[in-house]
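Residue numbering for the sequence shown follows our numbering, starting at 5 and increasing by one per position.
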Amino acid sequence: MTLQELDHWFPAVQKQALLTQLKQVVGLTRVRAEYFLRLWIYLLVKAKLAQEPQLQSPLKELETQFGAIICTHREAAELFYGDQEKGGDRAAGMMLDKLAALGLIRKYFDGNTTCIEILPLPQQVLSPETDTVASLTLAEFNPRCDAIPVANLLAVNYNWMNNNNDAVPHRIARLLRQWGQQYPTGMRVLRRVDNQNPVGFYLLYPTAAHSDVNFFRPAKKALHLSTMAAIDPFTLATVGDETCVSVFIRSWVIDPMYLTAYRLTFLVDAQQTLRKMQGDFPNLCDLHTLIIHPSYAQLAITLGFQPTQQGDLGSIHWMYQALDRFLALEIAGAIAQLA
5 MTLQELDHWF
15 PAVQKQALLT
25 QLKQVVGLTR
35 VRAEYFLRLW
45 IYLLVKAKLA
55 QEPQLQSPLK
65 ELETQFGAII
75 CTHREAAELF
85 YGDQEKGGDR
95 AAGMMLDKLA
105 ALGLIRKYFD
115 GNTTCIEILP
125 LPQQVLSPET
135 DTVASLTLAE
145 FNPRCDAIPV
155 ANLLAVNYNW
165 MNNNNDAVPH
175 RIARLLRQWG
185 QQYPTGMRVL
195 RRVDNQNPVG
205 FYLLYPTAAH
215 SDVNFFRPAK
225 KALHLSTMAA
235 IDPFTLATVG
245 DETCVSVFIR
255 SWVIDPMYLT
265 AYRLTFLVDA
275 QQTLRKMQGD
285 FPNLCDLHTL
295 IIHPSYAQLA
305 ITLGFQPTQQ
315 GDLGSIHWMY
325 QALDRFLALE
335 IAGAIAQLA
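Now the structure itself:
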């Protein structure tokens, strides 16, 4: 099926409207959204023609949950790069992996044939119109009011990583309240003005010196919020501890609907919070973070973070940045290239 034939099945006007909605998915750039939409249309048409060979274009609407459809990397390459001089089977395979990592498709391979399933779309794509105009404000984390909604926000990322629902929000909420009582300075939220619900959250966690060795161990061993392990591998430093040199960014997340509009605001706020923390821990010099969702890797790189271990950067991994360099960074200029 050529790209011209694809356009007959799903007209440009409908396609453009859906592309606008798709760009609300975290990590889905304009180009990736275009490729995903081409793949979706192609697989759906292929599925429908198998059931109804006389079906005529155009499709009335796009639907999901029509099962896994055979699609080789060569077919995907024609869809993605048919109107370009560059791009081949290998590039198409990598693009499919990215779409799978974003939770938009699922790939199956039996040793001979690749099948692809289009997964149900994220809620913010299905109903984007209600929250796009809401204004947000920065605020301290309130353990009494914010723990549960923030836990639900975080569970989405952890469940993506585990490909299941093991990240139980009530466990996350309990830990957030515990940390909020111990060191609230490093916990901040982006709160909706109209209903006070938090839609963004970060947790800057000063670590005791004996915990720093964990930053050099496999990243998955550092997960605590998303596991049922009773013992946290990281101990919170006590205010005034001069041996504390590291801050573990245990979380930094914004609801995808607000990410583009409020990313700069939240990052600058994190800079200001880190400066306050230097008053409590005078020898802070290292920032460590876990990249759990691949969509945040590019943001971290843009801010100067570098991977600290060799391996598959498509999976969970450690990244590091010197605190002094991060505090000196002009955030607006650094992230200007991001969509």
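Even for Gly, the Cβ is constructed at its ideal location relative to N, Cα and C. From a predicted model like this one, the values you see are computed outputs, not experimental measurements.
Spatial distance of residue i from residue j (CA atoms)
i: GLY4; j: ILE258; result: Within the shown structure, residues of the chain are numbered from 5 to 343, placing residue 4 beyond reach of any answer.
i: LEU303; j: PRO57; result: 46 Å
i: ASP101; j: LEU43; result: 13 Å
i: LYS50; j: ALA138; result: 40 Å
i: PRO15; j: ALA54; result: 21 Å
i: ARG36; j: THR269; result: 26 Å
i: GLU144; j: GLN186; result: 14 Å
i: THR277; j: LEU271; result: 10 Å
i: ALA151; j: GLU38; result: 37 Å
i: GLN282; j: LEU327; result: 10 Å
i: VAL29; j: THR141; result: 22 Å
i: CYS305; j: GLN18; result: It is worth fixing the name first, because residue 305 is Ile in this sequence and not Cys. Cα to Cα, ILE305 sits roughly 35 Å from GLN18.
i: ARG196; j: GLN25; result: 21 Å
i: THR312; j: GLU65; result: 46 Å
i: ARG254; j: GLN200; result: 23 Å
i: ALA338; j: GLY204; result: 21 Å
i: ASP216; j: GLN182; result: 21 Å
i: LEU342; j: ALA226; result: 29 Å
i: GLN69; j: MET5; result: 22 Å
i: LYS27; j: ASN218; result: 36 Å
i: LEU333; j: GLU89; result: 38 Å
i: GLN20; j: CYS149; result: 39 Å
i: ALA340; j: PHE113; result: 39 Å
i: THR33; j: PRO202; result: 25 Å
Proximity below 8 Å, CB of residue i to CB of residue j
i: LEU48; j: GLU79; result: no
i: LEU22; j: ASP87; result: no
i: TYR209; j: TRP256; result: no
i: PRO147; j: GLY184; result: yes
i: LEU83; j: TYR46; result: yes
i: GLY308; j: ARG279; result: no
i: LEU108; j: PHE40; result: yes
i: HIS292; j: SER250; result: yes
i: PHE252; j: PHE238; result: yes
Opposing strand residues paired with residue i [DSSP bridges]
i: ARG267; result: Beta-bridge pairing links ARG267 to no other residue.
i: GLY204; result: LEU194 and ILE258
i: VAL272; result: Answer is none; VAL272 lacks a bridge partner.
i: SER250; result: THR211 and ASP290
i: HIS321; result: ILE295
i: THR118; result: PHE113
i: THR141; result: ARG195
i: SER310; result: The residue asked about is misnamed: residue 310 is Gln in this sequence, not Ser. GLN310 is bridged to TYR324.
i: ALA72; result: GLU121
i: LEU240; result: THR211
Own chain residues within Cβ distance below 6 Å of residue i, not counting five before or after
i: PRO173; result: ALA155, ASN156 and ALA159
i: GLU9; result: none
i: ALA301; result: ILE295
i: ILE74; result: THR117 and CYS119
Own chain partners of residue i with C-beta closer than 7 Å, once the 5 adjacent residues on each side are dropped
i: ALA223; result: LEU294, ILE320, HIS321 and TRP322
i: ASP93; result: HIS77, ARG78 and ALA81
i: LYS111; result: LEU100, ALA104, THR118 and ILE120
i: ALA241; result: PRO210, THR211, ALA212, CYS248 and PHE285
i: LEU331; result: GLN275, LEU278 and ARG279
i: HIS12; result: SER61 and PRO62
i: ASP198; result: ALA138
i: TYR266; result: LEU140, LEU194, GLY204 and ILE258
i: GLU59; result: Before going on, a small fix: residue 59 reads as Leu here, not Glu. Result list for LEU59: LYS52 and LEU53, in chain order.
Cβ-based neighbour list, residue i, same chain, cut-off 8 Å, excluding 5 preceding and 5 following
i: GLY71; result: ALA51 and GLU121
i: TYR85; result: GLY91, GLY92, ALA95 and ALA96
i: PRO335; result: According to the sequence provided, residue 335 is Ile. The question's Pro does not apply to it. For ILE335, where only same-chain residues beyond five positions count, the Cβ hits under 8 Å are LEU268, LEU271, VAL272, GLN275 and LEU307.
i: GLN310; result: MET323, TYR324 and GLN325
i: GLY115; result: none
Item to complete: Evaluate contact between the region 173-192 and the region 258-269, counting only Cβ atoms and requiring at least three cross-stretch pairs below 8 Å.
Response: As far as the Cβ criterion goes, the region 173-192 does not touch the region 258-269, which means the pair count is below three.
Worksheet item: Should the region 282-291 be called in touch with the region 240-249, which here means at least 3 C-beta pairs below 8 Å?
Response: Yes, they touch.
Worksheet item: Is the region 177-184 close to the region 118-125, with three or more CB pairs under 8 Å?
Response: These segments do not touch.
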